[in-house]
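Here is the structure we will look at, set down as C-alpha cells.
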Amino acid sequence: MTGEEIDTHNITVDEEENSVAIRVNPRLYKTHFIMNAAHDLTETAGYQHTDIVIDGDPDTTIVVKFIPREKKTRKELLNIAYQFNSLLIALTTTR
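With the numbering used here, letter number 24 in the sequence shown gets 24, and the count goes up by one each step, no holes.
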C-alpha cells in the first residue's frame, strides 16, 4: 500500500496555511489522551516548533490542528498526522 492509497478521511492538509488537522472521535479516545498525544508529539517527536490548536465538540468530534512554524511539504504535514495517530493509539493502549 502506498501513501496515496492510505485512507486519510480524518486528516486535512492545508499546504497554503502550512497546517494539518486531524479529526478525532472522542467516543474512541478520551480528551486527555488526545491532549497528551498532541503534547508528546511536540515535545518528544521533534516538532518543538509546532503550534497546536485543539477545538471541537467533546461529544462528537475533536479537531487537533498542528501548525509548524517552518514551511513543510504535504508529505511532511501528513507525517505529522500519522505520528499523532500512532501516539494516540500507543497512549490509549498503554495507560
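Cβ atoms here follow ideal geometry from the backbone N, Cα and C, with glycine treated the same way.
- The secondary-structure analysis by DSSP pairs P68 across a beta bridge with T50.
- Comparing alpha carbon positions, the residue from T42, N25, D59, H49 closest to R69 is H49.
- A81 and H9 have their C-alpha atoms spaced approximately 12 Å apart.
- In the three-state scheme derived from DSSP, where H, G and I count as helix and E and B as strand, T12 is classed as strand.
- For R23, DSSP records a beta bridge to V63.
- From the listed residues I11, R23, F33, the smallest Cα separation to I89 is found for F33.
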